[in-house]
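Visitor: Taken in order, the sequence shown gives residues -7 to 681; the numbers are from the numbering used here. Virtual Cβ for every residue (Gly too), placed ideally from N, Cα, C.
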Amino acid sequence: MKRKLLFLALFLTAIQPLMADEGMWLPALISQRIADMQAKGFKLSAEDVYSVNQASLKDAVVLFGGGCTGEIVSDEGLLFTNHHCGYSYIQRHSSVEHDYLKDGFWAMNRKEELPNPGLSVSFLERMEDVTGQVLKGYDSSMSEAQRDSVVRANSAVLTRAATAEGKGLRASVEALYYGNQYFLFVFRVYRDVRLVGAPPSSIGKFGGDTDNWMWPRHTGDFSIFRVYADKDNNPADYSEDNVPYRPKKSFKISRAGVKEGDFTFVYGCPGSTKEYAVSEDVRYVSELSDPQKIALRTLRLDNIKKYMDQSQAVRIQYSSKAANVSNAWKKWQGEAKGIDKNKTVAVKRDYERRFAEWAKGTRYEGLVERLNGLFERRHPYYLAYEYYSETARAIELLSFASNIRNTLGNAQAKANAAESFFKDYFRPIDEENFAALMDAFGKNLPEEFQPEYYKTKMAQFGSAEAWASYVFDNTLFIDKDKVLALKESDEGIVLTDPAFEMYNAFYRWYYDDLRPIINELSPEIELAYRDYMQGQMDFEKDKTFYPDANLTLRVAYGHVEGYTPSDGVYYYPVSTLKGIIEKDDPNIFDYDIPQRLRDIYAEGGHEDQPVCFLATNHTSGGNSGSPVINADGNLIGINFDRVWEGTMSDIVFDPEICRNISLDIRYLLFCIEHIGGATYLFDEMEFVD
Ligand code: ARG
Ligand code: GLU
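1. Less than 7 Å separating the Cβ of F632 from some heavy atom of the ligand GLU?
2. Could you tell me whether the region 592 to 610 touches the region 639 to 656, where touching means 3 or more Cβ pairs closer than 8 Å?
3. Looking at the secondary structure, which residues open and close the alpha helix (DSSP H) in which L589 lies?
4. So, with DSSP's three-state summary, where would you put T61?
5. Just reading off the beta strand (DSSP E) that M494 is part of, what are its end residues?
6. Where F243 and Y538 are concerned, what is the direct C-alpha to C-alpha distance, given to the nearest angstrom?
7. Determine the DSSP secondary structure at D95, reduced to helix, strand or coil.
8. Count the CB pairs spanning the region 513 to 527 and the region 362 to 376 that are closer than 8 Å, and state whether there are at least three.
9. Any heavy atom of the ligand GLU closer than 7 Å to the CB of C60?
10. May I ask you to check if the CB of S618 is nearer than 7 Å to at least one heavy atom of the ligand ARG?
11. With respect to the alpha helix (DSSP H) encompassing P619, which residues constitute its N-terminal and C-terminal limits?
12. Quickly, what does DSSP pair P107 with across the bridge? List them, please.
13. Cα separation between K35 and R238?
14. Please list, in chain order, all residues of the same chain as E63 whose beta carbon is under 6 Å from its beta carbon, the five residues on each side excluded.
15. Can you look up G358 in the DSSP assignment and give me helix, strand or coil?
16. Between S80, P443 and L127, which lies nearest to D109 when the distance is taken from Cα to Cα?
17. Measure the alpha-carbon distance for N319 versus E411 and round it to whole angstroms.
18. Per DSSP, which one or two residues make a beta bridge with Y563?
19. DSSP has E480 in a bridge; who is on the other side?
20. Who are the Cβ neighbours of D229 in its own chain at under 8 Å, not counting the five residues just before and after it?
21. Taking only three categories from DSSP, how would you classify Y237?
22. Less than 8 Å between CB atoms is the rule here; does D431 satisfy it with respect to chain B?
23. Do the CB positions of K340 and V270 come within less than 8 Å of each other?
24. Alpha carbon to alpha carbon, how far is T448 from S455?
25. T151: buried (16+ other C-beta within 10 angstroms of its C-beta) or exposed?
26. In whole angstroms, what is the alpha-carbon distance linking E349 and K335?
27. Can you tell me the Cα-Cα spacing of S740 and E327, whole angstroms?
28. By how many angstroms is the C-alpha of Y562 removed from the C-alpha of D301?
29. I need the DSSP call for T5, collapsed to helix, strand or coil.
30. Can you find the residues in the same chain that come closer than 6 Å, C-beta to C-beta, to R118, ignoring five residues on each side of it along the sequence?
31. Classify G33 as helix, strand or coil using the three-state DSSP reduction.
32. Quick one: which unbroken alpha helix (DSSP H) runs of 4-plus residues sit fully inside the region 187 to 267? Chain order, please.
33. R180 and R218: beta carbons closer than 8 Å?
34. By alpha-carbon positions, which one of K570, D233, W324 and D582 ends up nearest to D600?
35. For the region 194 to 211 against the region 122 to 141, are there 3 or more C-beta pairs whose distance is under 8 Å?
36. Starting from G550, follow its DSSP beta bridges and name the residues at the other end.
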């Protein structure tokens, strides 16, 4: 028995490197990873993943809007993304008579699809290393500012040339590895994107903020769009004459399902990570920034929740706002905990000691010490800046006062701003937030960093609550009629209004006291990080580095796997409709499913209908809506979240805990059929079983 265990242990260590699925790789360089991908089960070639000469999977992946991913699933431009990515567009089409958020929306033919002004999808045409061209004319004697202008000027030449090549092109040069490398990205941007289908929120957002970032998960987080083009298949503004876009490539859909161990591949646009940060940068996140921001947001969420629970009207007004506040709030909790559990700060310090030792006598000598020192200098100012955004900037009335001041000369814009503000405004929440946030501000931010204005007001009123009452009782911005009556010549009235005055005082504090110091340190930090990145690559010659995420297209591969969130607990990687029925509760908003779903379940035969699954792919915010692909290159799911115990993967990836959460594509098909009754959509999809 002992021998067997020993053997097993040896065997496990031997395959350990195979298990670690960390990394977000550049598609254009995928030939460097393809052997590893194939060893783990992938059956396609590098050219199948990314090619500029022939159609490849990349041609079926898009940046959806400004921060999500989507995938093309038919020859007629049909597109899948997340419900939470389509949310604001679904909302804009919703009214009391047609509440598509609540009831869902299904176009029953092309004519019924709904246009979405402002929404575009970007297809990557190509990406290429342009480091040499971007740095042409730069030499190391130049300052950071001079380097910056060289980079900017050269990039402008490159992007101008690239966009001139065809219709609807957009190009950008993006820095990788802290500016050690530059890549040109050329996209074709389609501007006519129509809503085809969305499930009711009680499916698409099932579990709400309660289940957000959590497993077990049962959210049907999808929405369906269609991309349109002019008759030559080129990008065009919305027009009735436009026709469905004919893609170079679309995903085939696999209904074969997933099981533990299956190869998975996420193709999408992760937004931002910092995997190569120094210890002080990480310590700031886990010990200062995350905990303090969490505490401030808890105050707000408690107030919001209290009033949402009392009134259905307030629930509607604040549900989207609450979701925004709560999304990062919950993520930060997992992140801080994960950094702590992994002892990342200590591990980084140890690494830095070894790096510093190695660096002696090289151009990297003293670098890591200097970089940590720069962060130590920046911390108090950066924290004060974060306090500014999480307190003064979080009081709705203050931002509104500033918006109105900016629209004084434009009656229509002012009326629109007032209309949308008051539609979703509930004074008791904002007033209590004011009191709670200003109270916390004084208690937690060291006195030498507090603005004089704050101290004066607190001395004058004696408490944050009294200060809040004064502002809310005396500001004109609480009164829609008064706001609508404001004229261009009323600037004087605005400037002396207590809400605007407070907005402005805090803004001046940020602008005059904090920003200059932060901005002065930034170029130094950037330069030092660039050197440190190169230094780490020289120090660990055998390690393969992937660039931090920056919303450019990446490949992350892994496999379906559960995890152990805490001692004595194991999470299976697949959830089913049975779990939805177990959670179903008409009295809990987040768990109140459509009657239709209850009825279908009651008919029987759907207990094992798969809903979501876990895998080990390294993803981040922006990967929402990304296609999840199997070993044959076919679509098996749509990525939409991570487990919160693993959200530190933006800083440190723990293969034991970090999991992405995907919608099983078969649940999407189930909803199209049983909830939407829109099975005509199946005709244009290609299935492989
Ligand atoms: N956590 C996911 C993400 O970061 C989903 C967020 C939307 N859902 C929500 N309940 N707030 O985007
Ligand atoms: N929900 C996230 C998004 O909107 C993806 C989840 C993550 O951060 O991994 O992009």
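Guide: In this structure, then:
1. Within the cutoff, so yes.
2. Counting Cβ pairs under 8 Å, three or more are found: they touch.
3. Taken as a continuous stretch (DSSP letters only), the alpha helix (DSSP H) holding L589 covers Q587 to E595.
4. Strand, per DSSP.
5. Taken as a continuous stretch (DSSP letters only), M494 belongs to no beta strand (DSSP E), being part of the alpha helix (DSSP H) at P490 to R500.
6. Rounded to the nearest angstrom, the gap between the Cα atoms of F243 and Y538 is 26 Å.
7. DSSP places D95 in helix when its eight states are reduced to three.
8. Contact holds: three or more Cβ-Cβ distances are below 8 Å.
9. Within the cutoff, so yes.
10. In this structure, the ligand ARG has no non-hydrogen atom nearer than 7 Å to the beta-carbon of S618.
11. Here P619 belongs to no alpha helix (DSSP H); instead the beta strand (DSSP E) covers P619 to I621.
12. P107 is bridged by DSSP to R186.
13. Rounded to whole angstroms, the separation of the alpha carbons of R238 and K35 is 26 Å.
14. Counting only residues of its own chain and dropping the five nearest sequence neighbours on each side, E63 has a CB closer than 6 Å to the CB of A52, V53, F72, F243 and P619.
15. If DSSP states are grouped into helix, strand and coil, G358 belongs with coil.
16. Per the sequence shown, residue 109 should be read as Pro rather than Asp. Of S80, P443 and L127, the residue nearest in Cα terms is S80.
17. If I take the Cα positions, the gap works out to 26 Å.
18. Y563 is bridged to Y555.
19. Answer by DSSP bridge pairing: none, since E480 is not bridged.
20. The answer, listed in chain order, is R183 and D184.
21. The three-state reading of DSSP puts Y237 in coil, since its state is none of H, G, I, E or B.
22. Structure shown: chain B not included; a single protein chain is present.
23. It is a contact, given that the beta carbons lie within the stated cut-off.
24. Cα to Cα, the separation comes out at about 11 Å.
25. In summary, T151 is buried, with 16 or more beta-carbon neighbours lying within 10 Å of its beta-carbon over all protein chains present.
26. Approximately 22 Å, taken between the alpha carbons.
27. The chain is shown from -7 up to 681; residue 740 falls before or after that span and cannot be answered.
28. In a straight line, the C-alpha of D301 is about 33 Å away from that of Y562.
29. Residue confidence for T5 is low, a pLDDT of 42 falling below 50, so the modelled location carries little weight and cannot support an answer.
30. Excluding residues up to 5 positions away in sequence, V44 and V178 lie with their Cβ nearer than 6 Å to the Cβ of R118 in the same chain.
31. In the structure shown, G33 falls within a coil segment according to DSSP collapsed to helix, strand and coil.
32. DSSP runs (the alpha helix (DSSP H)) wholly in the region 187 to 267: 193 to 196 and 200 to 203.
33. No, Cβ-Cβ distance for R180 and R218 is not below 8 Å.
34. Looking at the Cα atoms, K570 is the closest of the given residues.
35. Under the Cβ criterion (8 Å, minimum of three pairs), the region 194 to 211 does not count as touching the region 122 to 141.
36. DSSP output for G550 lists T256 as bridge partner(s).
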